[in-house]
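For the protein sequence lines, the chains are A and G, in the order given.
So the mapping is simple: the numbering used here equals the position in the first sequence, first residue as 1, plus 108.
So the mapping is simple: the numbering used here equals the position in the second sequence, first residue as 1, plus 4.
Where a beta carbon is used, it is the ideal one built from N, C-alpha and C, also for glycine.
Source: prediction; values computed, not measured.
Each remark here refers to the structure printed beneath this line.
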Amino acid sequence: MPGAVLDRTIWAGVVVTEGGSRYQGVGMDVQSGPVEAGEENLVDRLRAGDGAAFTRIVRGWSPAMIKVARQYVASHASAEEAVQETWLAVIKGIDRFQGRSSLRTWVFHILANIARRQGTNESRTLPTPPVEDADSGPSVDPNRFRPVGDRWVGGWRAEAAPRSWGPESATLNAEARVVLTAALAELPQRQRMVVELRDVHGLPADEVCDILALSPANQRVLLHRARAKLREQLETYYTGPNEQAVRP
Amino acid sequence: MTGDYLPCAHVVELLTDYLEGALDPVTTARVDAHLFDCEPCTTYLAQLRTTIIELGTLPEPTLPADTVNALEEAFRDLHSRHGH
């Protein structure tokens, strides 16, 4: 249990660091820390006309907003438009924000409405999210584990067990990041949205559930499957395809 | 081994729930115990973490600078009109 609690804290930390560091290069006010901390304060600052606070959330949240909007509209440019329109609505409507949800959740709700309407105008037919086969079944090839009848059934087979990615594996090299980016684009849509909002953009689980209308358990399933697939692609890059796994 | 043995094939499916703190205390303890003496699963978890951390560093398209400037201006305009 302490392990899990600690992990959670670390992950929260990672998210915060990411959000803070991502825009350092463009003269952002990162010193004031994560947007999530002192949210009331943030709303007050926006209402008071604090331009720096506004710039901070525009820069911080827009990339994830573009991703979400892109689900509803036909092009990246349309998604940008929807995000821009959302921010204008937020500027005008901030006095009406009642704090029943987080500010960010409220912003994403406005965005979904605007993008949906825009998508309808573009007569974009929304793909009904299929129940993806990829959402069920094991996330690791079962052939990598010892079969029924083995004393250690379900344990890694020695030849197929994960191997270290080498001394530099704590951070990936540039080529591996290209592999990761490509693997991300290949994921089934729902898995990709969840992992992008959670791990690429650092949104917390409850907000992702709300934005994508997922139950917490379903959100974790999609997230896990996405992460497992991405890890596997990196594994293939670093150690080659696991031949023992394909030839049981 | 006791009936408590959690096979690796099962552990790898629990790791996101484990990282999210979504497992019940008993299962969390079983995963902890498994990881304590299973090197391949520990490696798997470390690689999952590397994957997660790297995802957080990928460049993501944001609004064009012109659009951000226009929004900042709209924000200032509204507030100057309100007399702030």
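In chain order, what residues of the same chain have a beta carbon less than 7 Å from the beta carbon of residue i, not counting five sequence neighbours either side?
{"i": "A:W264", "result": "R252, F253"}
{"i": "A:L311", "result": "A172, L305"}
{"i": "G:C42", "result": "C12"}
{"i": "G:L52", "result": "L19"}
{"i": "G:T32", "result": "Y22"}
{"i": "A:D318", "result": "T213"}
{"i": "A:S231", "result": "none"}
Quick one: what does DSSP say residue i is sitting in, helix, strand or coil?
{"i": "A:V176", "result": "helix"}
{"i": "A:F205", "result": "coil"}
{"i": "A:R355", "result": "The predicted model places A:R355 with a pLDDT of 45, which falls under 50 and marks its position as unreliable; any figure quoted below should be read in that light. Looking at A:R355 - three-state DSSP - the assignment turns out to be coil, as it is neither helix nor strand."}
{"i": "G:D28", "result": "coil"}
{"i": "A:W264", "result": "strand"}
{"i": "A:A256", "result": "Looking at the sequence itself, residue 256 of chain A is Val, so the reference to Ala does not match. Strand."}
{"i": "A:N281", "result": "coil"}
{"i": "A:S272", "result": "coil"}
{"i": "G:H14", "result": "helix"}
{"i": "A:E343", "result": "helix"}
{"i": "A:D158", "result": "coil"}
{"i": "G:Y22", "result": "helix"}
{"i": "A:L219", "result": "helix"}
{"i": "A:E230", "result": "coil"}
{"i": "A:P324", "result": "helix"}
{"i": "A:H184", "result": "helix"}
{"i": "A:V308", "result": "helix"}
{"i": "G:V72", "result": "helix"}
{"i": "A:A295", "result": "Here residue 295 of chain A turns out to be Leu, not Ala, going by the sequence shown. Here A:L295 sits in coil by DSSP."}
{"i": "A:V248", "result": "coil"}
{"i": "A:G168", "result": "helix"}
{"i": "G:L82", "result": "helix"}
Please work out which residues of its chain come closer than 8 Å, Cβ to Cβ, to residue i, disregarding the five sequence neighbours upstream and downstream, and give them in chain order.
{"i": "G:H38", "result": "L10, C12, V15, C45"}
{"i": "A:A284", "result": "L342, Y345, Y346"}
{"i": "A:A291", "result": "K337, L338, Q341, L342"}
{"i": "A:L280", "result": "L288, L342"}
{"i": "A:G262", "result": "F253, R254"}
Please determine, among the options, the residue with the shortest C-alpha to C-alpha distance to residue i.
{"i": "A:V215", "options": "A:D152, A:A172, A:P270, A:N281", "result": "A:A172"}
{"i": "A:D314", "options": "A:A284, A:S209, A:V261", "result": "A:S209"}
{"i": "A:K200", "options": "A:H184, A:L322, A:G168, A:L154", "result": "A:L154"}
{"i": "G:L25", "options": "A:E340, A:A325, A:N221, A:P349", "result": "Checking the sequence shown, residue 25 of chain G turns out to be Gly, not Leu. Of the candidates A:E340, A:A325, A:N221, A:P349, the one whose C-alpha sits nearest the C-alpha of G:G25 is A:A325."}
{"i": "A:Q299", "options": "A:G257, A:S244, A:P255", "result": "A:S244"}
{"i": "G:L82", "options": "A:S183, A:Q192, A:I202", "result": "A:I202"}
{"i": "A:W169", "options": "A:V198, A:S183, A:D152, A:T289", "result": "A:V198"}
{"i": "A:V287", "options": "A:F205, A:I218, A:Q206, A:G348", "result": "A:G348"}
{"i": "G:S84", "options": "A:L196, A:G157, A:Q327, A:I218", "result": "A:G157"}
{"i": "G:I57", "options": "A:D307, A:L322, A:C317", "result": "A:D307"}
{"i": "A:V316", "options": "A:P255, A:A293, A:T163, A:A220", "result": "A:A220"}
{"i": "G:D70", "options": "A:E294, A:T213, A:Q192", "result": "A:Q192"}
{"i": "A:T163", "options": "G:A33, G:L67, G:T31", "result": "G:L67"}
{"i": "A:G207", "options": "A:G262, A:S231, A:N149", "result": "A:N149"}
Could you check the C-alpha separation between residue i and residue j for me, to the nearest Å?
{"i": "A:A282", "j": "G:A50", "result": "19 Å"}
{"i": "G:E17", "j": "A:L338", "result": "14 Å"}
{"i": "A:H332", "j": "A:V302", "result": "10 Å"}
{"i": "A:Q297", "j": "A:V329", "result": "14 Å"}
{"i": "G:Y22", "j": "G:L62", "result": "24 Å"}
{"i": "A:L320", "j": "A:T194", "result": "17 Å"}
{"i": "A:R224", "j": "A:A190", "result": "9 Å"}
{"i": "A:S247", "j": "A:Y180", "result": "29 Å"}
{"i": "G:D36", "j": "A:A336", "result": "19 Å"}
{"i": "A:A361", "j": "A:V166", "result": "Chain A is shown from 109 up to 356; residue 361 of chain A falls before or after that span and cannot be answered."}
{"i": "A:S186", "j": "A:R178", "result": "8 Å"}
{"i": "A:H309", "j": "A:I174", "result": "11 Å"}
{"i": "G:E76", "j": "A:N229", "result": "27 Å"}
{"i": "A:P70", "j": "A:D258", "result": "Limits of chain A in this structure are 109 at one end and 356 at the other, which puts residue 70 of chain A out of reach."}
{"i": "A:I222", "j": "A:W273", "result": "44 Å"}
{"i": "A:V176", "j": "G:A78", "result": "23 Å"}
{"i": "A:F205", "j": "G:G60", "result": "30 Å"}
{"i": "A:V151", "j": "A:L211", "result": "8 Å"}
{"i": "A:H184", "j": "G:Y48", "result": "35 Å"}
{"i": "A:A293", "j": "A:A334", "result": "11 Å"}
{"i": "G:N73", "j": "A:E188", "result": "14 Å"}
{"i": "A:W260", "j": "G:P65", "result": "47 Å"}
{"i": "A:Q327", "j": "G:L27", "result": "14 Å"}
{"i": "A:P255", "j": "A:H217", "result": "48 Å"}
{"i": "A:T213", "j": "G:T54", "result": "28 Å"}
{"i": "G:F40", "j": "G:R80", "result": "56 Å"}
{"i": "A:A322", "j": "A:R271", "result": "Here residue 322 of chain A turns out to be Leu, not Ala, going by the sequence shown. Roughly 34 Å separates the two Cα atoms."}
{"i": "A:L196", "j": "G:P29", "result": "46 Å"}
Apart from the five residues on each side of it in sequence, which residues of its chain come closer than 6 Å, Cβ to Cβ, to residue i?
{"i": "A:L295", "result": "A334"}
Any chance you could list the beta strand (DSSP E) runs of at least 3 consecutive residues sitting entirely within the segment 34-66 of chain G, in chain order?
none
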